[in-house]
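Which chain is which? The protein sequence lines are A and B, in order. Read in my numbering, the first sequence has 64 at position 64, and its numbers run on one by one without any break. Read in my numbering, the second sequence has 1247 at position 247, and its numbers run on one by one without any break. Just so it is clear, CB atoms sit at the ideal spot from N, CA and C, and this is done for glycine as well. These figures come from a predicted structure and were not determined experimentally.
2 protein chains.
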Amino acid sequence: MSFNFEIKKHSTESKARLGKIDVNGISFDTPVFMPVGTSASVKSITPNMIHESESKIILANTYHLILRPTLDVIKEFGGVKKFMNWDGAMLTDSGGFQVFSLSKLRRITDEGVEFRSHIDGRKLFFTPKSVIEAEHIIGADFIMCFDECAKHDSTHAYVVDSIRKTHKWALECKTYHDSQENSNYQYLGGIIQGGMYDDLRRESALTLSDMDFPFYAIGGLSVGETPELMHEVLAKMEEFIPKEKPRYLMGVGEPRDILNAVMEGVDMFDCVMPTRNARNGEAFTMNGAIRIRNSKHKKDVSTLDPDCDCYTCKNFSRAYLHHLDKAHEMLFSTLMTIHNVRFMQIFMSELRKSINDGVFLDFRKKILSSFYKNNI
Amino acid sequence: MSFNFEIKKHSTESKARLGKIDVNGISFDTPVFMPVGTSASVKSITPNMIHESESKIILANTYHLILRPTLDVIKEFGGVKKFMNWDGAMLTDSGGFQVFSLSKLRRITDEGVEFRSHIDGRKLFFTPKSVIEAEHIIGADFIMCFDECAKHDSTHAYVVDSIRKTHKWALECKTYHDSQENSNYQYLGGIIQGGMYDDLRRESALTLSDMDFPFYAIGGLSVGETPELMHEVLAKMEEFIPKEKPRYLMGVGEPRDILNAVMEGVDMFDCVMPTRNARNGEAFTMNGAIRIRNSKHKKDVSTLDPDCDCYTCKNFSRAYLHHLDKAHEMLFSTLMTIHNVRFMQIFMSELRKSINDGVFLDFRKKILSSFYKNNI
């Protein structure tokens, strides 16, 4: 098994890059968007439908999988990809974000984090080693180091100590991972933290660079700060992240945030937004989001997006989707999710083309004005 | 457009018959099972998935469609088949059953029924003509007369008056329908009522026979009586229902009830059971129902049914389904429904084969003992 990242083209206008990742026999172009399959399911769609969207890689959440179905069950299947019948690529996060955002009663020490499950209140203790052990059992192609995801408004002093722990844990994760056979076919990424502080972001990027991970994630962004601040933090830290390796911005995102991050040299993205918003009645198009619950769609025979080739757009009207939502039919979530995931992949494909054609900044400008101009 | 029913084979052992229905260019063999798409959606599955189950005809509920999305919307699309993107055959009931089971504040007169919507309390008045008008707009291939569905424990005197109204309404429905162009491509069935009273069932069957409908439904069964009583009522009324026309037992059902009804010469069935039970965690197999929530399935790598060729059985384990249910993932309903609908079509296909092979009674006996022997 193998991992390779090749940069095929650098944008001359910005730090954007067009690349290709090969991992364990699966190839995909970057910048890439990964739909989220939190609990071993991209909510409301089948693996066939994920493939039809041309998604090549999905994300699953280690924290959720440890709680349910539990590692015991996943081990029985030789990994979560077989468990959920997904034969594309997969990345698992480390649970760090969820421990800090979902769970209760956290006690953070240099050894790890003690917390209570948000499902049944059960007490758990995550350590760098226990998380990597879990990710080995889950068996994704890409796995992440356990980190502390500090709040966006944390003080400088807090973040200083937080990244010290994150760096210590990263080294422990890597040392343990490298000692295991799984390191021959699972690739561990380091997570750069540092809050909104440029000096700490730089320190974190440089410290992790020295550890020589095969790819780098940027954590602790898109956690409540403004899009402008996120862009600024990314712009200032870019030069300190190894250029020849994939860069992954965790939990992002919105077309706007993806465009800004690609402009600063980011290659990989994941976000629940397209799937979650689909279920909440928001369908994406290049001209903005359609709020399908709006009564003006009641008799609308048009499809969500005449330019979209997804199953939903080829077969169903806005009026039908509006009706399914009103009638609380589960098919609503399925059809909306099919569309939004496909939208993201079409968006990424056009974004990659714009880099290839040397017109990324124009593309960015066009989408920023069309996607956000209004709601249909 | 056209309608034709051909009986291809009579069972020599029972009143079971093997037939073929051609309607508006769509063909299917009988006995046939119709999945229910109440509100223009077979709950949690796409039209593609309905086709994959080899379902050729589905049912939709006039009552529900009148309330939501409303006839106004359906008219805009030229019928509910186009609205929901279903290109197989369709049958609509008349709303009679729902008016009596779901709605409140009923006032029944010889002219029709006044009631309140179970959704918003809005007052509505259904008459034989208004129901046929609605079914014309909805546009199914097969439509039904408006009838009164009496409770299974109604007195003889009540049912005498009830079938008098049902017969009067049937004639009004037929007269109006025959006067309309839609009668060239929509086929109206009469509904035989009569409660559990053999004399009234006979009277209803004979009265409606005289009206010469292209097919006949048996209503007012599977409404709370025992399976044995239902079988008895069917057995005694069979000789009074025209033999050369399709016979449809409304709202049935269970494999047991289908087997009993086929034995008494019934050709068509519909029921929410396979789809509803799927969502409630019950997967059907020829050896009985699997209650997937049972914790013994937690690590079970086997599929629901090794003999089933559905997408669920070809790709997912019981443990995965158990997990999806626990994690409240919507994909659970989709995968379970795919299986149960396909199960029903495999069951019907084997049932038809047993008639063809002259071994229907053996098949019935086998299923009655295997399906009901236990729960897995």
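**Asked** Could you give the residue range of the beta strand (DSSP E) that holds residue 152 of chain A?
**Response** On the first sequence, position 152 is the one that residue 152 of chain A refers to. No beta strand (DSSP E) contains residue 152 of chain A, which DSSP labels as neither H nor E.
**Asked** Cα separation between residue 336 of chain A and residue 1239 of chain B?
**Response** Locating residue 336 of chain A in the first sequence gives position 336, counting from the first residue. Locating residue 1239 of chain B in the second sequence gives position 239, counting from the first residue. Each residue's Cα considered, the two are about 51 angstroms apart.
**Request:** Measuring only between beta-carbons, confirm whether residue 1324 of chain B sits less than 8 angstroms from chain A.
**Result:** The residue labelled residue 1324 of chain B in the question sits at position 324 within the second sequence. Judged by the 8 angstroms Cβ criterion, residue 1324 of chain B is in contact with chain A.
**Item:** Between the CA atoms of residue 265 of chain A and residue 16 of chain A - distance to the nearest angstrom
**Value:** Counting from one through the first sequence, the residue named residue 16 of chain A turns up at place 16. Counting from one through the first sequence, the residue named residue 265 of chain A turns up at place 265. Rounded to the nearest whole angstrom, the C-alpha separation of residue 16 of chain A and residue 265 of chain A is 5 angstroms.
**Prompt:** If you measure from the beta carbon of residue 1211 of chain B to each beta carbon in chain A, is any gap under 8 angstroms?
**Reply:** Along the second sequence, read from residue 1 onward, the residue named residue 1211 of chain B stands at position 211. False, the Cβ-Cβ gap to chain A never drops below 8 angstroms.
**Prompt:** When you check each C-beta in the region 1077–1088 of chain B against every C-beta of chain A, which residues fall closer than 8 angstroms?
**Reply:** Across the region 1077–1088 of chain B, CB contacts with chain A closer than 8 angstroms involve 1077, 1083, 1084 and 1085, in sequence order along the chain.
**Asked** Does the separation of the CB atoms of residue 159 of chain A and residue 112 of chain A fall below 8 angstroms?
**Response** The residue given as residue 159 of chain A occupies position 159 in the first sequence. The residue given as residue 112 of chain A occupies position 112 in the first sequence. Contact: no.
**Prompt:** Hey, residue 1063 of chain B and residue 1095 of chain B are a contact pair by Cβ (cut 8 angstroms); roughly how many whole angstroms apart?
**Reply:** Position 63 of the second sequence, counting from 1, holds the residue named residue 1063 of chain B. Position 95 of the second sequence, counting from 1, holds the residue named residue 1095 of chain B. With 8 angstroms as the limit, residue 1063 of chain B and residue 1095 of chain B qualify as a contact, their Cβ atoms being about 4 angstroms apart.
**Asked** Out of curiosity, what's the CA-to-CA distance linking residue 1103 of chain B and residue 1116 of chain B?
**Response** Locating residue 1103 of chain B in the second sequence gives position 103, where the first residue counts as 1. Locating residue 1116 of chain B in the second sequence gives position 116, where the first residue counts as 1. Near 6 angstroms, if we compare the C-alpha coordinates of residue 1116 of chain B and residue 1103 of chain B.
**Request:** State yes or no: is the C-beta of residue 167 of chain A within less than 8 angstroms of the C-beta of residue 208 of chain A?
**Result:** The residue given as residue 167 of chain A occupies position 167 in the first sequence. The residue given as residue 208 of chain A occupies position 208 in the first sequence. It is a contact, given that the beta carbons lie within the stated cut-off.
**Item:** Per-residue burial, residue 1157 of chain B [other beta carbons within 10 Å of its own, 16 or more giving buried]
**Value:** One-based indexing of the second sequence puts residue 1157 of chain B at position 157. Residue 1157 of chain B counts as exposed, since fewer than 16 other C-beta atoms from the protein chains shown sit within 10 angstroms of its C-beta.
**Prompt:** Is there at least one Cβ from chain B nearer than 8 angstroms to residue 148 of chain A's Cβ?
**Reply:** The count along the first sequence starts at 1 and reaches residue 148 of chain A at position 148. Taking a beta-carbon distance threshold of 8 angstroms, residue 148 of chain A does not count as an interface residue toward chain B.
**Message:** Helix, strand or coil for residue 1382 of chain B? Go by DSSP, reduced to three states.
**Reply:** Absent from the structure is residue 1382 of chain B, since the part of chain B shown begins at 1001 and ends at 1376.
**Prompt:** How would you list, in chain order, the residues of chain A whose beta-carbon sits under 7 angstroms from the beta-carbon of residue 1320 of chain B?
**Reply:** Locating residue 1320 of chain B in the second sequence gives position 320, counting from the first residue. The contacting residues are 83 and 84.
**Message:** Does the CB of residue 1369 of chain B have a neighbour CB from chain A at under 8 angstroms?
**Reply:** Taking the second sequence and counting its residues from 1, one reaches residue 1369 of chain B at position 369. Residue contact check for residue 1369 of chain B against chain A: no CB pair falls below 8 angstroms.
**Asked** Does the Cβ of residue 1053 of chain B have 16 or more other Cβ atoms within 10 Å, making it buried, or fewer, making it exposed?
**Response** On the second sequence, residue 1053 of chain B is found 53 positions in, with the first residue counted as 1. Burial call: buried.
**Contiguous alpha helix (DSSP H) assignments of at least 4 residues, all confined to the region 1140–1227 of chain B** = Scanning the region 1140–1227 of chain B for uninterrupted alpha helix (DSSP H) segments of 4 residues or longer gives 1156–1178 and 1198–1211, listed from N- to C-terminal end.
**Prompt:** Assuming residue 312 of chain A contacts residue 338 of chain A under a Cβ cut-off of 8 angstroms, what Cβ separation, rounded to an integer in Å, is found between them?
**Reply:** Locating residue 312 of chain A in the first sequence gives position 312, counting from the first residue. Locating residue 338 of chain A in the first sequence gives position 338, counting from the first residue. About 5 angstroms separates the two Cβ atoms, so the contact holds.
**Message:** Please report the distance separating the alpha-carbon of residue 1188 of chain B from that of residue 1177 of chain B.
**Reply:** Taking the first residue of the second sequence as position 1, residue 1188 of chain B is located at position 188. Taking the first residue of the second sequence as position 1, residue 1177 of chain B is located at position 177. About 8 angstroms.
**Item:** Enclosing alpha helix (DSSP H) for residue 1334 of chain B [first to last residue]
**Value:** Position 334 of the second sequence holds residue 1334 of chain B. Residues 1331–1356.
**Item:** Given residue 354 of chain A as reference, the closest of A:3, A:26 and A:30 once Cα atoms are compared
**Value:** To locate residue 354 of chain A, count along the first sequence from 1; it is residue 354. Closest option to residue 354 of chain A, Cα to Cα, is A:30.
**Message:** Suppose the cutoff is 8 angstroms on Cβ atoms and the five residues either side in sequence are ignored; what does the same chain contact list for residue 333 of chain A look like?
**Reply:** Here residue 333 of chain A is taken as the residue at index 333 of the first sequence, counted from 1. So the qualifying residues of the chain are 43, 44, 278 and 279.
**Prompt:** What separation, rounded to the nearest whole angstrom, lies between the Cα atoms of residue 58 of chain A and residue 79 of chain A?
**Reply:** Within the first sequence, numbered from 1, the residue matching residue 58 of chain A stands at position 58. Within the first sequence, numbered from 1, the residue matching residue 79 of chain A stands at position 79. Rounded to whole angstroms, residue 58 of chain A to residue 79 of chain A spans 14 angstroms at the Cα level.
**Message:** Using a Cβ-Cβ distance cut-off of 8 angstroms, determine whether residue 298 of chain A contacts chain B.
**Reply:** Against the first sequence, residue 298 of chain A aligns to sequence position 298. Cβ-Cβ to chain B under 8 angstroms: yes for residue 298 of chain A.
**Candidates A:93, A:153, A:28 and A:317, of which the one nearest residue 128 of chain A by Cα** = Along the first sequence, read from residue 1 onward, the residue named residue 128 of chain A stands at position 128. The option with the nearest alpha carbon to residue 128 of chain A is A:93.
**Prompt:** Are the C-beta atoms of residue 327 of chain A and some chain B residue less than 8 angstroms apart?
**Reply:** Working through the first sequence from its first residue, we reach residue 327 of chain A at position 327. At a cut-off of 8 angstroms between beta carbons, residue 327 of chain A contacts chain B.
**Request:** Output the residue ranges of the alpha helix (DSSP H) runs that lie fully inside the region 231–297 of chain A and measure 4 residues or longer, sorted by chain position.
**Result:** Complete alpha helix (DSSP H) runs here, min 4: 255–263 and 273–279.
**Request:** Could you tell me how far apart the beta carbons of residue 288 of chain A and residue 179 of chain A are, in whole angstroms, since I believe they sit closer than 8 angstroms?
**Result:** The residue labelled residue 288 of chain A in the question sits at position 288 within the first sequence. The residue labelled residue 179 of chain A in the question sits at position 179 within the first sequence. Going by Cβ atoms, the distance from residue 288 of chain A to residue 179 of chain A rounds to 50 angstroms, so no, they are not a contact pair.
**Prompt:** At which residues does the alpha helix (DSSP H) containing residue 1 of chain A begin and terminate?
**Reply:** Here residue 1 of chain A refers to the residue found at position 1 when the first sequence is read from its first residue. Element bounds for residue 1 of chain A: n/a, residue is neither H nor E.
**Asked** Taking residue 1293 of chain B as the reference, which of B:1087, B:1325 and B:1225 has the closest Cα?
**Response** Taking the first residue of the second sequence as 1, we reach residue 1293 of chain B at position 293. Sorting B:1087, B:1325 and B:1225 by C-alpha distance to the C-alpha of residue 1293 of chain B places B:1325 at the top.
**Asked** So, does the CB of residue 1062 of chain B fall closer than 8 angstroms to a CB anywhere in chain A?
**Response** Here residue 1062 of chain B refers to the residue found at position 62 of the second sequence. No, residue 1062 of chain B lies away from the interface with chain A (no Cβ there is under 8 angstroms from its Cβ).
**Message:** By the DSSP assignment, the alpha helix (DSSP H) with residue 1052 of chain B in it spans what residues?
**Reply:** As a first step, residue 1052 of chain B must be located in the second sequence, where it is residue number 52. Membership of residue 1052 of chain B in the alpha helix (DSSP H) is indicated by the continuous run 1047–1052.
**Request:** Taking all protein chains shown into account, decide if residue 253 of chain A is buried (16 or more other Cβ within 10 angstroms of its Cβ) or exposed.
**Result:** Numbered from its first residue, the first sequence carries residue 253 of chain A at position 253. Looking at its Cβ environment, which holds 16 or more other Cβ atoms inside 10 Å, residue 253 of chain A is buried.
**Asked** Going by C-alpha distance, which of A:97, A:55, A:70 and A:109 is nearest residue 87 of chain A?
**Response** Along the first sequence, read from residue 1 onward, the residue named residue 87 of chain A stands at position 87. Ranking A:97, A:55, A:70 and A:109 by Cα distance to residue 87 of chain A puts A:55 first.
**Prompt:** How long is the line joining the alpha carbons of residue 1173 of chain B and residue 368 of chain A, rounded to whole angstroms?
**Reply:** Sequence index remark: in the second sequence, residue 1173 of chain B carries index 173 (1-based). Sequence index remark: in the first sequence, residue 368 of chain A carries index 368 (1-based). Spanning the two alpha carbons is a distance of roughly 58 angstroms.
**Message:** With H, G and I counted as helix, E and B as strand and the rest as coil, what does DSSP make of residue 1071 of chain B?
**Reply:** By 1-based counting over the second sequence, the position of residue 1071 of chain B is 71. Of the three classes helix, strand and coil, the one that applies to residue 1071 of chain B here is helix, per DSSP.
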